[in-house]
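Student:
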């Protein structure tokens with residue numbers, strides 16, 4: 001541009017300065033836009049779903065609504081708890097686990113290892129027979145991707161941060177997080193829905209909050225394996241609620257097959273609209 005103006009014999013300094021000013025202004029506005037988007041996304045992340053009409057209003061889990069239950073819990077004076085049983089059977093070593101890994105650490109031994117693997121395989125086979133695709137996930141996720149999938153409370157109470165070479169990552173607390181990111185930025189045609197996954201992963205949780213604070217043994221531990229259902233549906237109509245009921249039935253049928261007693265409760269958690277939990281025990 002400067003050469004053209006020189007050739008015509010006119011002064012181009014004004015045009016050059018104007019161009020530089022516009023470049024500077026554009027760069028400043030781009031920074032403002034990025035900051036505005038960052039603030040917008042931070043606000044969007046704390047907006048949850050509308051609470052389902054059936055969710056009870058309460059301060060804690062004590063007021064969760066029991067939907068239904070099955071089986072009869074054995075009430076005998078000398079029944080042993082699972083901590084005593086795993087030690088008697090020699091299938092877990094809690095003492096050595098705590099010495100090596102700290103509180104809530106444990107070793108599985110002998111039949112304990114095989115039992116754990118058997119339950120994992122049984123769960124995967126069970127869901128695959130019902131049209132679910134098995135998917136084993138990564139153990140950790142990039143920080144920016146985790147922020148799109150995890151609840152804010154999970155960062156403080158659950159997630160372990162892995163730092164190295166300037167590339168921060170988070171260990172997953174549930175397969176739900178990497179499963180949620182699996183189709184990030186994908187275009188999915190309605191004809192492809194619903195999509196059903198049987199997610200399998202090791203999970204890592206700090207358990208820094210009140211949940212499980214007084215729990216003994218191998219419940220509410222820092223590392224465990226899990227098989228879970230993760231489904232994508234159309235947001236239109238009742239599709240998601242129909243799928244939700246299917247997933248509940250799958251869980252009920254699974255627990256009945258392994259002969260567990262399982263009161264089923266309805267409640268609200270984090271940004272969800274409705275949560276269902278199964279409080280199981282052996283009969």
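Residue numbers (this note's numbering): 1 to 283.
Ideal Cβ positions, reconstructed from N, Cα and C, are used throughout, including at glycine.
1. Quick one: any contact between the stretch 190–199 and the stretch 226–234, if contact means 3 or more CB pairs under 8 Å?
2. Is the beta carbon of residue 139 sitting closer than 8 Å to the one on residue 202?
3. Does DSSP put residue 197 in a helix, in a strand, or in coil?
4. How would you write the range of the alpha helix (DSSP H) that residue 45 sits in, first residue to last?
5. Distance, Cα to Cα, residue 52 vs residue 59?
6. Which residues in the same chain as residue 112 place their Cβ atom closer than 6 Å to its Cβ, once the five residues preceding and following it in sequence are excluded?
7. For the alpha helix (DSSP H) that residue 98 lies in, which residues bound it at each end?
8. What would DSSP say about residue 126, mapped onto helix, strand or coil?
9. Helix, strand or coil: how does DSSP classify residue 234 here?
10. Which of the three DSSP states, helix, strand or coil, is assigned to residue 170?
11. At which residues does the alpha helix (DSSP H) containing residue 147 begin and terminate?
12. Count the other CB atoms, across all protein chains shown, that sit within 10 Å of the CB of residue 133; report buried if there are 16 or more and exposed otherwise.
13. Within a Cβ cutoff of 7 Å, which residues of the same chain sit near residue 128, ignoring the five residues on either side of it in sequence?
14. When burial is assigned at 16 or more other CB atoms within 10 Å of the CB, is residue 176 buried or exposed?
15. From the DSSP output, which residues share a beta bridge with residue 226?
16. Determine, using beta carbons only, whether residue 95 and residue 174 come nearer to each other than 8 Å.
17. On the DSSP bridge list, what partners appear for residue 136?
18. What three-state label does DSSP hand residue 182 in the structure shown?
19. Quick check: what's the CA-CA separation for residue 120 versus residue 248?
20. Over what stretch of residues does the alpha helix (DSSP H) that includes residue 332 continue unbroken?
21. Buried or exposed: which applies to residue 287, given that a residue is buried once 16 or more other Cβ atoms fall within 10 Å of its Cβ?
22. Between residue 143 and the rest of its own chain, which residues show a CB-CB distance below 6 Å, the 5 nearest in sequence each way excluded?
23. Who are residue 113's beta bridge partners in DSSP?
24. Is residue 161 helix, strand or coil by DSSP?
25. Mapping DSSP to helix, strand and coil, what is residue 108?
26. What residue range does the alpha helix (DSSP H) around residue 88 cover?
27. Under the three-state reduction of DSSP, which class applies to residue 16: helix, strand or coil?
28. Only counting the same chain, and skipping five residues up and downstream in sequence, which positions put a Cβ closer than 6 Å to that of residue 238?
Tutor: A quick look at the data gives this:
1. Yes: at least three Cβ pairs fall under 8 Å.
2. For residue 139 and residue 202, yes; Cβs fall inside 8 Å.
3. If DSSP states are grouped into helix, strand and coil, residue 197 belongs with the strands.
4. First-last for residue 45: undefined, no H or E at that position.
5. Looking at the two C-alpha atoms, the distance is approximately 17 Å.
6. Beyond the five residues adjoining it in sequence on each side, residue 112 comes within less than 6 Å, by CB distance, of 91 and 92 in the same chain, given in chain order.
7. Segment 94–101, the alpha helix (DSSP H) holding residue 98.
8. Residue 126 falls in the helix class under three-state DSSP.
9. In the three-state reduction of the DSSP assignment, residue 234 falls in the coil class.
10. Three-state result, residue 170: strand.
11. From DSSP, the alpha helix (DSSP H) with residue 147 extends over 143–149.
12. Taking a 10 Å sphere around the C-beta of residue 133, we find fewer than 16 other C-beta atoms and assign the residue as exposed.
13. Excluding sequence positions up to five before and after residue 128, its CB lies within less than 7 Å of the CB of 134 and 198, all in the same chain and listed in chain order.
14. Taking all protein chains in view, the Cβ of residue 176 is crowded by 16 or more other Cβ atoms within 10 Å, so the residue is classified as buried.
15. 201, per the DSSP bridge assignment.
16. Annotated as distal: residue 95 and residue 174, with beta-carbon spacing of 8 Å or more.
17. DSSP output for residue 136 lists 200 as bridge partner(s).
18. If DSSP states are grouped into helix, strand and coil, residue 182 belongs with the helices.
19. Rounded to whole angstroms, residue 120 to residue 248 spans 19 Å at the Cα level.
20. For the chain, the structure presents residues 1 to 283; residue 332 sits outside this window and is missing.
21. An answer regarding residue 287 cannot be provided, because it is not within the stretch 1 to 283 covered by the chain.
22. Hits under 6 Å: 168.
23. Bridge partners of residue 113: none, in fact.
24. DSSP places residue 161 within a strand segment (E or B) once states are collapsed to three.
25. DSSP places residue 108 in strand when its eight states are reduced to three.
26. First-last of the alpha helix (DSSP H) with residue 88: 82–89.
27. The three-state reading of DSSP puts residue 16 in helix, counting H, G and I together.
28. Counting only Cβ-Cβ distances below 6 Å, and skipping sequence neighbours, we find nothing.
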